[in-house]
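Read through the structure below, which is laid out as structure tokens, and then see the notes.
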Amino acid sequence: MQHRFQIAISAGLLAALWAGVADVFQLVTWIGFLGCSTFFAQTKSGVKGMLMAMTTNLSGVFWGWLIIAGSTFFGSPIISYALTGIVTSIMCLQASHKRLAFIPGAFIGCCITFAMNADIAAIVPPLVMGAALGYCMSLLTEQLIALTQNRQNISSPVTSVNDNAAKEL
């Protein structure tokens, strides 16, 4: 990891900002961090990566809600187990659609839904904001890398063509 310092600065600053925003607006902080983690865990970058994180996480929220609602409706542990298995299979199969191709994102959203007892209003805002947080961290990191590279170019001594030729001999 060549740019560890820039990543650390970006992640630290924006994590602190997120923690403050979440506190002020009474959002569940850890959900936002899971949305952010999903952004970094999947393979796409930029806006496409942010959208992949959001869609897979939100699909998992839906599937988790469906398991909870179905289990409550039927009231049978056996039905609940079967529903969990069926929905788990569907979460894996949905990955054949390119916008839902990151299976762990769906599982993260589903697990959050279980942990929050399907409180969708408490889940969705910080989860979506978390994916945006990850995207912002990547943008800030890129800017910090560019800034430090520009500073290194300015501070390194200029060598002439002849100096470089002499080094090769």
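Here the sequence shown is numbered in UniProt numbering, starting from 1 and rising by one per residue.
We treat Cβ as the ideally placed atom computed from N, Cα and C, and that holds for glycine.
Residues of its chain near residue i, where Cβ-Cβ distance is below 7 angstroms and the 5 sequence neighbours each way are ignored
i    : result
A53  : G35, T38, F39, Q42, G105, A131, G134
L144 : Q6, I9, S10
V158 : In this prediction, V158 has a pLDDT of 47, which is less than 50 and means its spatial position is unreliable; nothing more can be read from the coordinates.
I123 : I31, V61, I112, T113, M116
C92  : I103
Contact under 9 angstroms by Cβ, residue i with residue j
i    : j    : result
L140 : S10  : yes
I78  : F114 : no
S138 : G12  : no
Proximal residues to residue i (C-beta, below 6 angstroms), its chain only, five neighbours per side dropped
i   : result
W18 : G32, L133
A95 : A101, I103
R99 : T55
Delimiting residues of the alpha helix (DSSP H) encompassing residue i
i   : result
R4  : 4-24
S59 : 46-74
S89 : 77-93
T29 : 29-41
Neighbour-count burial assignment, residue i, 16 or more Cβ in a 10 Å radius
i    : result
L27  : buried
G109 : buried
Nearest to residue i (by Cα), restricted to the options the options
i   : options            : result
G60 : G70, I78, I90, K48 : I90
A15 : L58, T29, H97      : T29
Other residues of its chain near residue i: CB distance less than 8 angstroms, five sequence neighbours each side excluded
i   : result
S80 : I67, G70, S71, F74
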